[in-house]
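Structure first, then comments.
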Amino acid sequence: MFVSSLRLVNFRSYCDATVSFGAGLNVVVGQNATGKTNLLEGAWFALRGSSPRTRREEKLITWGERFTRVELVLGGPAAGPQAVEVAYAPGQGKRARWNGVEVTSQDELRERTQVFIFVPESLLLVKGSPARRRAHLDAFAGALDARYAAAARELQTALRQRNAQLLAVRSGASPGTLDPWDVQFARAAVALGQRRRDLVAELSGRFAAAAAGLAPGVSTFVLRLNSQLAGVGYEEAALLEELRLRRPGETARGLSLFGPHRDDLRFLEVDAGEDAPGFAADEATDAGSPAFAAAALAGPACGPVDLPHGGRDLRLFGSQGEQRAAVLALLLAEQQLATARTGEQGTLFLDDVMSELDHARRRLLVRQLRCAGQAIITTTDLHYFVEEELDQATVIELPLAGSLRLGGASPSAYAAGPAPPREDAL
Amino acid sequence: MYSPAVERLITELAKLPGIGPRTAQRLTFHMLKLRPDEILPLAAAITEVKEKIGFCSRCFNLAEGELCTVCADMRRDPRLLCVVEQPFDIVTIERTREFRGLYHVLGGALSPLDGVEPDDLHIAELLSRVDGDVEEVILATNPTMTGEATAMYVADMLPRRVRVTRLASGLPVGGDLEYADELTLGRALVGRRSLRRGEE
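So the protein sequences, as listed, match chains E and H.
Per this note's numbering: the first sequence ends with 444, consecutive numbering throughout.
Per this note's numbering: the second sequence ends with 496, consecutive numbering throughout.
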């Protein structure tokens, strides 16, 4: 399936604009502030029901308007054309329809398509908090596999219940009341932890291969899951024993301190030849955290602390270009894995990724994208592409008719835009 | 906005499960429209049920009097005890006509998030009931996380000499595999049983 057309109504800088895409490589070209990022954000909003850039959804609505609506048509050989529509108005909430039938949850929307996006905010995947990386992994895997999504939800419930009981014990409840919650938590933790470990193992080889073509310099990028659960072999019984040992500390804090809720995904750079890419998942324990290191030395249930052998953490030491390459490689790896699992190639949305790559790496990226189903990529300059690439691509020039430039628009130009139908808008 | 009496009715109705402020408002206006002889029987029924119905002193099922109908029935098997979360669960299990033992209602499930601790449930009463007669305790709490945790907690508290069992979870009878959700099917696979006699 691929995105064949997109209509944006009152979305960011778009008053009412429609754009068609090709099934392969699409190049959206336009100068600064012509709405390139907004276009990708709009497509994502239709397919995911949320913005990849902001949580404040009222910001998505064109200034001065009361609602926004995005319509998207998917074409593809398998099923006939599918139409999806997401509308949002502050106070009335969000409404999503798939072929006219109401979609009740974002999870449901997520399961229907495989899409991947790179926007400037995506760099936070490397630079930001571990929670963001866990959420990204879980959202990707949850869309592929309902059991993964269920395991992630179970862990959240078990964790909250156990933390509440830890607090209760701290304020005087009998420690025995923790036992059933230890068991529930251990079961949920191992179920999710094993799935995450397997997921990263499946991603890491693809990640290294994709990164090899994008990373600056001669270094190799490695994706690695750091999980405390590795120290207990991802085993329920061993985790329960670990929880028993840690009980005094956890009770004192009123918090669960050990489990997959503290997993992190590490983007490492190793010198070529130092670490063969592909087997990188989960061999290190959480050596980065001094608290864990101390606990690991104290508790016999944990294996030896395994310091990352010479890997540079891109979160701390990566350049902007390296961090960008790491995120791109992760998205490409996810896209390949999703294709392998579902048989659907999905769509990659890439916002302005060409400008920081050199000529050779641009060619490599385009070549990777060509085997990757549909890609919609924005740029300020068509010269980032060679003639032969553009011949086979769909080129879309911005501004589109119906897009309205923020700030630069005069009141008369604003009024002249096609008026959206108000009654049946939502 | 409304007179205090109307406001009070809306507030009281909105406390009921499944009823939000809007529904409470609609019900209130509906009641205001009715003649007294149409609506006062509702008030009388509520009063009557609260006066006559209490909890069984033995198993905490709903009872009109000291003991509930199950506990008062001498034909029931006192060696079997089925532990449930709510009185309503008894009705469901009774409908199967498969169970001839007695019940014990816990009055909920452990949920630290909602502040439900072991002392808030009728667990101590259960332990004092499990005396010489009882041979098996069936833990029939819901197959949710809170239900599972409660079953586990109770199982640990029960004396070793009684048999403790848990309801099986799996596929609905008469259903097609293709309609089963992944979670149910997954659990049914884990809990599969041998078809040959004598094997577990």
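Glycine included, every Cβ here is placed at the ideal spot set by N, Cα and C.
These numbers were taken from a predicted model, which means no experiment stands behind them.
For residue i, the nearest candidate out of the options (CA to CA)
i, options, result
"H:Ala-484", "H:Ile-342, H:Thr-307, H:Ala-451, H:Pro-468", "H:Pro-468"
"E:Glu-287", "E:Gly-231, E:Asp-376, E:Gly-277, E:Arg-330", "E:Arg-330"
"E:Leu-58", "E:Ala-229, E:Ser-31, E:Met-19, E:Gln-212", "E:Ser-31"
"E:Ala-41", "E:Gly-420, E:Thr-412, E:Asp-163, E:Leu-416", "E:Thr-412"
"H:Glu-362", "H:Glu-308, H:Lys-311, H:Phe-351, H:Leu-336", "H:Phe-351"
"E:Leu-221", "E:Ala-344, E:Thr-86, E:Glu-76", "E:Ala-344"
"H:Val-345", "H:Leu-358, H:Gly-314, H:Asp-415, H:Ser-465", "H:Leu-358"
"E:Glu-89", "E:Ala-229, E:Thr-175, E:Ala-114", "E:Ala-114"
"H:Leu-376", "H:Glu-413, H:Met-327, H:Val-430, H:Arg-354", "H:Val-430"
"E:Glu-103", "E:Leu-243, E:Leu-217, E:Phe-63, E:Gly-82", "E:Phe-63"
"E:Ala-255", "E:Val-240, E:Arg-205, E:Ser-237", "E:Arg-205"
"E:Glu-405", "E:Thr-175, E:Leu-283, E:Val-384, E:Leu-375", "E:Val-384"
"E:Asp-34", "E:Asp-376, E:Asn-56, E:Ala-176, E:Val-46", "E:Asn-56"
"E:Gln-386", "E:Pro-417, E:Ala-347, E:Gln-49", "E:Ala-347"
"E:Leu-210", "E:Gly-94, E:Ala-176, E:Ala-101", "E:Ala-176"
"E:Leu-418", "E:Leu-43, E:Gly-53, E:Arg-151, E:Val-45", "E:Gly-53"
"E:Ser-147", "E:Gly-93, E:Asp-282, E:Ala-168", "E:Asp-282"
"E:Gln-3", "E:Val-250, E:Glu-340, E:Pro-193, E:Gly-94", "A question about residue 3 of chain E goes unanswered here, because the residues of chain E that appear run from 19 up to 444."
"E:Phe-276", "E:Pro-266, E:Arg-284, E:Phe-403", "E:Pro-266"
"H:Arg-462", "H:Gly-443, H:Leu-473, H:Glu-360", "H:Gly-443"
"E:Arg-214", "E:Ser-189, E:Gly-93, E:Leu-243", "E:Leu-243"
"E:Gly-94", "E:Glu-362, E:Gly-420, E:His-401, E:Ile-414", "E:Glu-362"
"E:Gln-338", "E:Ala-228, E:Ala-358, E:Leu-375, E:Thr-360", "E:Leu-375"
"E:Ala-358", "E:Arg-388, E:Arg-264, E:Arg-224", "E:Arg-224"
"H:Ala-447", "E:Ser-192, E:Gln-202, E:Ala-149, E:Arg-188", "E:Gln-202"
Proximal residues to residue i (C-beta, below 8 Å), its chain only, five neighbours per side dropped
i, result
"H:Ala-476", "Leu-467, Pro-468, Ala-484"
"E:Asn-181", "Gly-272, Leu-273, Ser-274"
"H:Ile-349", "Leu-358, Ala-359, Glu-360"
"E:Val-371", "Phe-136, Arg-342, Leu-346, Leu-383, Ile-395"
Contacts around residue i, its chain only, beta-carbon distance under 7 Å, and the 5 residues preceding and following it disregarded
i, result
"E:Gln-183", "Thr-195, Leu-196, Trp-199"
"H:Gly-316", "Ala-310"
Which of helix, strand or coil DSSP assigns to residue i
i, result
"E:Ala-101", "strand"
"H:Tyr-257", "With chain H covering only 297 through 496, there is no way to say anything about residue 257 of chain H."
"E:Ala-203", "Here residue 203 of chain E turns out to be Phe, not Ala, going by the sequence shown. It is helical."
"E:Gly-223", "helix"
"H:Phe-384", "helix"
"H:Gly-314", "coil"
"E:Asp-156", "helix"
"E:Leu-325", "Any reading at E:Leu-325 needs caution, since the residue's pLDDT is 40, under 50, leaving its predicted position unreliable; the model's value is listed next. E:Leu-325: coil per DSSP, three-state reduction."
"E:Asn-28", "strand"
"E:Trp-116", "strand"
"H:Ile-342", "helix"
"E:Ala-35", "strand"
"H:Ser-407", "strand"
"E:Ala-51", "coil"
"H:Thr-365", "helix"
"E:Ala-107", "strand"
"E:Gly-82", "coil"
"E:Leu-366", "strand"
"E:Pro-417", "coil"
"H:Asp-333", "helix"
"E:Glu-44", "Going by the sequence as given, residue 44 of chain E is Asn instead of Glu. Strand, per DSSP."
"E:Phe-276", "coil"
"E:Asn-244", "strand"
"E:Thr-396", "strand"
6 Å CB neighbourhood of residue i in its chain, flanking five on each side removed
i, result
"E:Glu-129", "Ala-161"
"E:Gln-124", "Gly-67"
"E:His-279", "Leu-177"
"H:Ser-465", "Pro-439, Arg-483"
"E:Glu-415", "Val-47"
_Residues of the region 178-210 of chain E in Cβ contact with chain H at a cutoff of 7 Å, in chain order, please._
Arg-178, Gln-179, Ala-182, Gln-183, Ala-186, Ala-191, Thr-195, Asp-197, Pro-198, Trp-199, Val-201, Gln-202
*Would you say the region 108-127 of chain E touches the region 349-360 of chain E, given that touching needs at least three Cβ pairs under 8 Å?*
no
*asked:* Pairs of beta-carbons, one from the region 420-435 of chain H and one from the region 365-385 of chain H, closer than 8 Å: are there three or more?
replied: yes
*If you measure beta-carbon to beta-carbon, which residues of the region 153-179 of chain E are closer than 8 Å to chain H?*
Ala-164, Arg-165, Ala-168, Glu-172, Thr-175, Ala-176, Arg-178, Gln-179
_Near-chain E residues of the region 397-415 of chain H - C-beta to any C-beta below 9 Å_ = Leu-406, Ser-407, Pro-408, Leu-409, Asp-410, Gly-411, Glu-413, Pro-414, Asp-415
*Taking three-plus beta-carbon pairs below 8 Å as touching, is the region 20-37 of chain E in contact with the region 379-394 of chain E?*
yes
*According to a CB-to-CB cut-off of less than 9 Å, which residues of the region 364-387 of chain H neighbour chain E?*
none
*Is it a yes or a no for the region 360-369 of chain E touching the region 131-139 of chain E, going by three-plus beta-carbon pairs under 8 Å?*
yes
*asked:* Beta carbons nearer than 7 Å to chain E: which residues of the region 457-479 of chain H have them?
replied: Glu-478, Leu-479
*If you pair each beta-carbon of the region 419-426 of chain H with each one of the region 447-466 of chain H, do three or more pairs fall below 8 Å?*
yes
*Residues in the region 419-446 of chain H having any Cβ partner in chain E nearer than 8 Å*: Met-441, Thr-442, Glu-444, Ala-445, Thr-446
*Along the region 297-316 of chain H, what residues have a CB closer than 8 Å to any CB found in chain E?*
none
*Going along the region 327-361 of chain H in order, which residues come within less than 9 Å of chain E, judged by CB to CB distance?*
none
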